[in-house]
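Numbering (my numbering), first residue to last: 771 to 847. Glycine included, C-beta positions come from ideal geometry on N, C-alpha and C. Data first, discussion second: the structure below is written as structure tokens.
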């Protein structure tokens, strides 16, 4: 995904330079900028999702530990 963005950015820059030479001010970099924003947004969403998964796993492990601890204490009595 990042490589695709790099190629789009390079294509955008070369297209922008070509357009400037032809005196056309077409902003080809705009699509690359939008792509970067979407890439960052996707990364943040995925990172948040992974954080939530880690929290859920940790919470499940903690609950399991508490259940096991409670059962062990009951067996000791």
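Straight-line gap, residue i to residue j (C-alpha atoms, nearest Å)
i, j, result
"residue 807", "residue 821", "21 Å"
"residue 813", "residue 824", "16 Å"
"residue 845", "residue 839", "10 Å"
"residue 819", "residue 836", "26 Å"
"residue 712", "residue 834", "Examination of residue 712 is not possible in this model, given that the chain is present from 771 through 847 alone."
"residue 832", "residue 826", "10 Å"
"residue 841", "residue 830", "16 Å"
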